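Notes to accompany the following structure.
Residue numbers (full-length UniProt numbering): 1 to 149.
Have a look at this one:
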């Protein structure tokens, strides 16, 4: 059951559980905000004060760096395989490269979609920490690819 309620003159969507007469309400923001009351991805990952917000921002920034590292690892593995194969045209080598690339692609997409859902919390702090982590990861890893972007 969802209802729209007014909170300090603004509309906010509350998610209501049907757990008897006292229903728990979880805020679900529909705009960017700077309040620290948030739930990130899981019901158990609740930000309730500045300390947990700082910890959450560090974890999210680290995840952004890991995503960029994963993109680099995918590129580096492909280059390594190409440079160290005797017969590049054989079907076995093609399937080996393809399976490895698909595994990297799978994990890259999983992490990217998880981070997209984190961004959808619409907390300014979390969004900025994610962008900062992605930028730091890009700074560290994209310079090693030799590809000018």
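C-beta atoms are modelled at their ideal positions from N, C-alpha and C, and glycine is treated no differently.
Computed from a predicted structure; not experimentally measured.
Beta-carbon separation (whole angstroms), residue i vs residue j, contact threshold 8 Å
| i | j | result |
| --- | --- | --- |
| residue 209 | residue 129 | Any answer about residue 209 is impossible in this case: the structure gives the chain only from 1 up to 149. |
| residue 65 | residue 136 | 6 Å |
| residue 139 | residue 71 | In fact, because the Cβ distance is near 13 Å, the residues do not count as touching under 8 Å. |
| residue 78 | residue 101 | 6 Å |
| residue 109 | residue 67 | Contact flag wrong, Cβ pair sits at about 10 Å. |
Sequence-distant residues of the same chain with beta carbon closer than 6 Å to residue i, five excluded per side
| i | result |
| --- | --- |
| residue 92 | none |
| residue 38 | 47, 121, 123 |
| residue 133 | 61, 64, 65 |
Residue of the options minimising C-alpha distance to residue i
| i | options | result |
| --- | --- | --- |
| residue 117 | 63, 53, 51, 54 | 63 |
| residue 103 | 45, 59, 73, 50 | 73 |
| residue 32 | 97, 70, 125 | 125 |
| residue 144 | 56, 133, 69, 83 | 69 |
CA-to-CA distance, residue j to residue i, given in whole angstroms
| i | j | result |
| --- | --- | --- |
| residue 107 | residue 41 | 18 Å |
| residue 58 | residue 98 | 34 Å |
| residue 53 | residue 43 | 15 Å |
| residue 34 | residue 84 | 51 Å |
Same chain only: Cβ atoms within 7 Å of residue i, ignoring 5 sequence neighbours per side
| i | result |
| --- | --- |
| residue 119 | 127, 130 |
Uninterrupted alpha helix (DSSP H) stretches inside the segment 49-112 (no shorter than 4 residues): 50-83
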